[in-house]
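Report on one structure; see the data block that follows.
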Amino acid sequence: MRTLLILLRKEFLLFSRDKFLPKIAFIFPCMVILIVPFATTMDVRHVAVAVVNHDPGTLSRKIMASMDASPYFTLTPVHSQPEALEMVKDGKADVILEIPSQFEKSLATGHPEAPHISANGVNGIKGMLGAQYVSTAAMQAIGSYMGMSGEGKVTVNYLYNPTLNYRDFMIPALMIMLLIMLCGFLPALNLVSEKETGTIEQINVTPVRTSVFVLSKVIPYWIIGLVVIGIAMVLAKIVYGLWPAGSLWAIFLATAIFILVMSGIGILIANMSATMSQSMFLTFFVVLVFVLMSGLITPVSSMPHWAQTITCAIPPRYYIDIIRALYLKGTSVAGLAPQYLALTAFAIVLNVLATLTYAKKK
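Here you go:
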């Protein structure tokens with residue numbers, strides 16, 4: 020224990036004297052939580068609509084007026100379909116709404132001719148949601164014009180995120196990315212940097228046990244990871260009003276286990292790397308796999324079955340499930356027991372491998 024405390028003191032002294040690491044550990048997470056949720060969002064709030072109106076009657080004017088009053092739409096009346104297509108091609112319109120001639124009269128005769136909606140599919144999400152917005156707004160205006168009541172209509176209630184705010188979905192993901200970088204790959208870079216400078220040879224010739232040396236390298240980042248998660252949660256509450264629906268101790272328990280997982284991965288990367296460039300390439304590969312295959316950006320359920328099977332071997336998948344369930348749903352630890360057990364198993368296996376693969380003497 021005395022040896023471990025001495026090595027930990029050495030690590031904290033090196034960390035405090037470094038000009039780069041403290042900024043990465045504390046300033047970078049704050050900037051990520053404060054800036055990224057505003058810049059990275061899939062919410063569609065401004066849809067440019069080119070309207071081709073072949074029936075300048077009362078109903079068509081009512082449709083255009085109701086859409087123009089909404090902050091989600093920017094309407095641009097055009098004279099023809101080719102002109103509207105040219106606007107879409109130039110990026111000046113996202114959706115084309117074409118109101119057919121005799122539209123109002125066709126409704127009165129009982130043989131309605133529906134408006135035609137065309138959406139720009141280059142940006143699939145904006146095109147799909149924009150077309151849905153335009154369709155819903157047009158149908159509401161038509162129903163109001165024809166005096167239809169709301170009785171008998173289907174009502175939709177969104178659970179856990181009633182406003183469908185993408186930030187509520189994104190902020191827990193950002194916290195996960197911070198832990199992956201701080202607790203997984205900073206220890207790896209720290210260990211490899213000692214290999215390059217040759218200072219690790221001074222440790223290799225001492226009777227310090229491998230497990231003690233590895234612990235001295237990762238414990239500071241365990242502490243930093245827990246502190247960063249606490250700071251990120253406080254900032255999310257202050258800036259966005261987002262606070263976990265579940266218990267805090269359950270979040271910190273899952274975070275502590277995930278930090279053990281990532282530190283084990285970081286040490287494994289360092290053990291397989293002789294230079295900083297090698298460790299950075301391995302880090303980039305692992306991060307890319309984690310982001311694309313763990314459900315961080317796209318849900319696992321939407322992947323092919325073979326890809327879903329592969330995600331079972333990716334540790335962040337289980338932590339992502341835990342954090343989002345605790346943050347948005349308030350799920351209990353008992354309800355997330357399989358995810359906790361899977362993370363614990365990964366933590367044990369990876370840290371044992373990290374200790375065994377560290378070659379103290381060559």
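Sequential numbering of the sequence shown, starting at 20, is according to this note's numbering. In this text, a Cβ means the ideal position worked out from N, Cα and C, and glycines have one as well. All values derive from a computational prediction rather than experimental measurement.
Residue interval of the alpha helix (DSSP H) (run including residue i)
i      : result
ASN290 : 267-290
LEU197 : 185-198
LEU369 : 356-376
GLU102 : 100-108
ARG343 : 335-343
PHE300 : 295-312
MET50  : 47-58
MET86  : 77-87
Presumed contact (8 Å Cβ cut-off) between residue i and residue j, rounded CB distance
i      : j      : result
SER282 : TYR338 : The Cβ separation is near 14 Å, so there is no contact.
PHE204 : GLY265 : Contact doesn't hold; Cβ gap of about 28 Å is too wide.
ALA138 : MET147 : 7 Å
MET252 : PRO56  : Not confirmed; about 14 Å, so no contact.
SER79  : ALA156 : Actually they are not in contact, since the Cβ atoms of SER79 and ALA156 sit about 13 Å apart, beyond 8 Å.
ALA112 : VAL153 : About 11 Å separates the two Cβ atoms, so there is no contact after all.
LEU197 : PRO48  : 5 Å
MET295 : VAL211 : 5 Å
LEU193 : ILE52  : 6 Å
VAL70  : MET83  : 6 Å
GLU123 : GLY76  : 4 Å
Endpoints, the beta strand (DSSP E) within which residue i is located
i      : result
SER137 : 135-138
VAL71  : 66-72
ILE118 : 114-118
Under 7 Å between C-beta atoms of residue i and residue j
i      : j      : result
ILE118 : PRO134 : yes
ILE243 : THR274 : no
SER230 : THR374 : yes
LEU279 : ALA366 : yes
ILE342 : PRO191 : yes
HIS73  : SER120 : yes
MET86  : LEU94  : yes
ALA207 : ILE288 : yes
VAL66  : TYR91  : yes
beta-carbon residue i near the ligand NAD non-hydrogen atom, thresh 6 Å
i      : result
GLY149 : The ligand NAD is not part of the structure shown, which contains no ligands of any sort.
DSSP state of residue i mapped onto helix, strand, coil
i      : result
LEU94  : strand
ILE219 : helix
PHE39  : coil
TRP241 : helix
TRP325 : helix
GLU30  : helix
CYS331 : coil
PRO226 : coil
GLY149 : helix
VAL352 : coil
THR22  : helix
GLU132 : coil
LEU205 : helix
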